[in-house]
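Trainee: Sequential numbering of the sequence shown, starting at 13, is according to my numbering.
For reference, the structure I am asking about is given below.
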Amino acid sequence: MTQIYDRVALIGLGLIASSMAHAMRAGGLAGEITGTARSAETRAVAAELGLCDRIYETAAEAVAGADLVVLATPVGVMEDIAREIAPHLAPGATVTDVGSVKRAVVDAVAPHMPEGVAFIPGHPLAGTEHSGPRSGFAELFENRWCILLPPEGAAPEAVARLRALWEAMGANVDLMEPDHHDLVLAVTSHAPHLIAYTMVGVADDLRRVTDSEVINYSAAGFRDFTRIAASDPTMWRDVFLTNKDATLEILGRFTEELFALQRAIRTGDGDHLHDYFTRTRAIRRGIIEAGQDTDAPNFGRGGSKT
Ligand code: NAP
């Protein structure tokens, strides 16, 4: 049990913030946790679960006296929150966020940060398709990456302390620059989500999604698309609106590759298909070797895959 911050303020009390609350409590990492959320309902659930020591109606009240403030709302509202909390931040405090997009958050939040407050953006690469204060759990960040994006000139001790918090919550920490982060995440997360949304939408357009055939045989691949496509609509709307350029760049490349595969199918070019699938299979092996997924058949769900 090593206390890293005296008082942590969680702004937004959904999946990520509630998981942080559980993990910080489990490890004794924060002397006190305060919090706020937009709706009275979420604040009441958070109080019932004991996520925070004190819950406030406004972000301004929640951040008073905090040495760490975590913005854990959809990225689209972070600028308004930054403007609201700025006059109430304690001198020497660190402000971080957990948003899935980084350039837009840096541009929206950094200009509002007062002198003497360190703004160190972050992004834990951990999540589920569930949202809200009941969906969090202490182990969410275990063996997952958390990317921190300290601006040039950030106080090294502030960065080291935030890194120590994430490591104590089980994450591996890496440092990155915002534009590079957004391109990497467009490939690994944002474009795949859009493709999953599209695939489920196509099945729905065919009026087959709720057919017993589609449900019964969804283990053949479709089920994993439906899990991703069940992710929070507000969060993902904001991701695409704020990571527009990188996502469009990756989708452009995706479309080219898709056309090439489409052509290979049309012309019966089995070598092209086989070579392509051999390359992608090796990528999956790399992910498992890096400990970022399970090698168990069908993700350990039991039953056969097809
Ligand atoms: P979530 O479960 O939907 O929770 C969002 C929280 O933000 C809710 O408590 C919501 O309150 C609150 N909120 C929304 N607008 C607000 C406002 N104006 N003022 C105060 N609170 C407000 O979301 P999440 O999954 O934890 O995601 C939070 C952030 O983490 C997002 O920026 C997302 O991009 C990022 N992230 C998500 C994942 C993931 O897989 N889910 C992974 C990594 C990073 P109400 O409940 O009252 O509406």
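Beta carbons: idealized from backbone N, C-alpha and C, even for Gly.
By DSSP's criteria, THR131 is part of a beta bridge. Which residues make up the other side?
Mentor: Residue mapping note: residue 131 aligns to position 119 of the sequence shown, counting from 1. The sequence given here has Phe at residue 131, not Thr. For PHE131, which the question treats as bridged, DSSP gives the partners VAL107.
Trainee: If CYS158 sits next to ALA122, beta carbons under 8 Å apart, how far is it from one beta carbon to the other, in whole angstroms?
Mentor: Sequence index remark: in the sequence shown, residue 158 carries index 146 (1-based). Sequence index remark: in the sequence shown, residue 122 carries index 110 (1-based). Contact flag wrong, Cβ pair sits at about 19 Å.
Trainee: Terminal residues of the continuous beta strand (DSSP E) containing ARG19?
Mentor: As a working note, residue 19 is residue 7 in the sequence shown. Its beta strand (DSSP E) spans residues 17–23.
Trainee: Using a threshold of 6 Å, is the CB atom of ILE28 nearer than that to any non-hydrogen atom of the ligand NAP?
Mentor: Against the sequence shown, residue 28 aligns to sequence position 16. Yes; taking the cut-off as 6 Å, the Cβ of ILE28 has a heavy atom of the ligand NAP nearer than that.
Trainee: Helix, strand or coil: how does DSSP classify GLY139 here?
Mentor: Taking the first residue of the sequence shown as 1, we reach residue 139 at position 127. Here GLY139 sits in coil by DSSP.
Trainee: What span of residues does the alpha helix (DSSP H) with ASN228 cover, start to end?
Mentor: Position 216 of the sequence shown, counted from the first residue, corresponds to residue 228. Taken as a continuous stretch (DSSP letters only), the alpha helix (DSSP H) holding ASN228 covers 224–228.
Trainee: Please confirm whether VAL75 and HIS100 have their CB atoms less than 7 Å apart.
Mentor: Against the sequence shown, residue 75 aligns to sequence position 63. Against the sequence shown, residue 100 aligns to sequence position 88. Yes, the Cβ-Cβ distance between VAL75 and HIS100 is below 7 Å.
Trainee: Excluding the five sequence neighbours on either side, which residues of its own chain have a C-beta within less than 6 Å of the C-beta of GLY315, listed in chain order?
Mentor: Here residue 315 refers to the residue found at position 303 when the sequence shown is read from its first residue. Low confidence applies to GLY315: its pLDDT is 47, below 50, so where it sits in the model is not reliable, and the reading given next is rough at best. Closer than 6 Å at the Cβ level, and outside the excluded window around GLY315, lies no residue.
Trainee: Would the segment 130–144 count as touching the segment 104–116 if we require 3 or more Cβ pairs under 8 Å?
Mentor: Yes: the two stretches touch, three or more of their Cβ pairs being nearer than 8 Å.
Trainee: What does DSSP give as the partner residue(s) for ASP186 in the beta ladder?
Mentor: As a working note, residue 186 is residue 174 in the sequence shown. Answer is ILE159, bridged to ASP186.
Trainee: At a cut-off of 6 Å, is ARG50 close to the ligand NAP when judged by its beta-carbon and the heavy atoms of the ligand?
Mentor: For the purposes of this step, residue 50 is taken as residue 38 along the sequence shown, with counting starting at 1. Checking every heavy atom of the ligand NAP against the Cβ of ARG50, one is found closer than 6 Å.
Trainee: Kindly indicate which residue of VAL212, GLY144 and ASP18 has the alpha-carbon position closest to the one of THR31.
Mentor: In the sequence shown, counting from the first residue as 1, residue 31 sits at position 19. Note on residue identity: the sequence assigns Ser, not Thr, to residue 31. Ranking the options by Cα distance to SER31, first place goes to GLY144.
Trainee: Expressed to the nearest angstrom, what Euclidean distance is found between the alpha-carbon atoms of MET211 and GLY77?
Mentor: The count along the sequence shown starts at 1 and reaches residue 211 at position 199. The count along the sequence shown starts at 1 and reaches residue 77 at position 65. When rounded, the distance between both Cα atoms is 47 Å.
Trainee: Would LEU152 and ALA138 be called neighbours here (beta carbons separated by less than 7 Å)?
Mentor: Taking the sequence shown and counting its residues from 1, the one referred to as residue 152 is at position 140. Taking the sequence shown and counting its residues from 1, the one referred to as residue 138 is at position 126. Contact flag set, yes.
Trainee: Please report the straight-line C-alpha distance between ALA71 and VAL199, rounded to a whole angstrom.
Mentor: On the sequence shown, residue 71 is found 59 positions in, with the first residue counted as 1. On the sequence shown, residue 199 is found 187 positions in, with the first residue counted as 1. Rounded to whole angstroms, ALA71 to VAL199 spans 33 Å at the Cα level.
Trainee: Could you check where the alpha helix (DSSP H) with GLY282 kicks off and where it finishes?
Mentor: For the purposes of this step, residue 282 is taken as the residue at position 270 of the sequence shown. Here the alpha helix (DSSP H) through GLY282 covers 282–301.
Trainee: Answer yes or no: the CB of SER201 versus the heavy atoms of the ligand NAP, is any distance below 6 Å?
Mentor: Position 189 of the sequence shown, counted from the first residue, corresponds to residue 201. No, Cβ of SER201 sits at least 6 Å from all heavy atoms of the ligand NAP.
Trainee: How close, in whole Å, do the beta carbons of THR140 and LEU61 come, if the pair is a contact with beta carbons under 8 Å?
Mentor: Against the sequence shown, residue 140 aligns to sequence position 128. Against the sequence shown, residue 61 aligns to sequence position 49. Contact doesn't hold; Cβ gap of about 17 Å is too wide.
Trainee: Where does ALA170 land, buried or exposed, given buried means 16+ other C-beta within 10 angstroms?
Mentor: Here residue 170 refers to the residue found at position 158 when the sequence shown is read from its first residue. Counting Cβ neighbours within 10 Å, ALA170 comes out buried, since at least 16 surround it.
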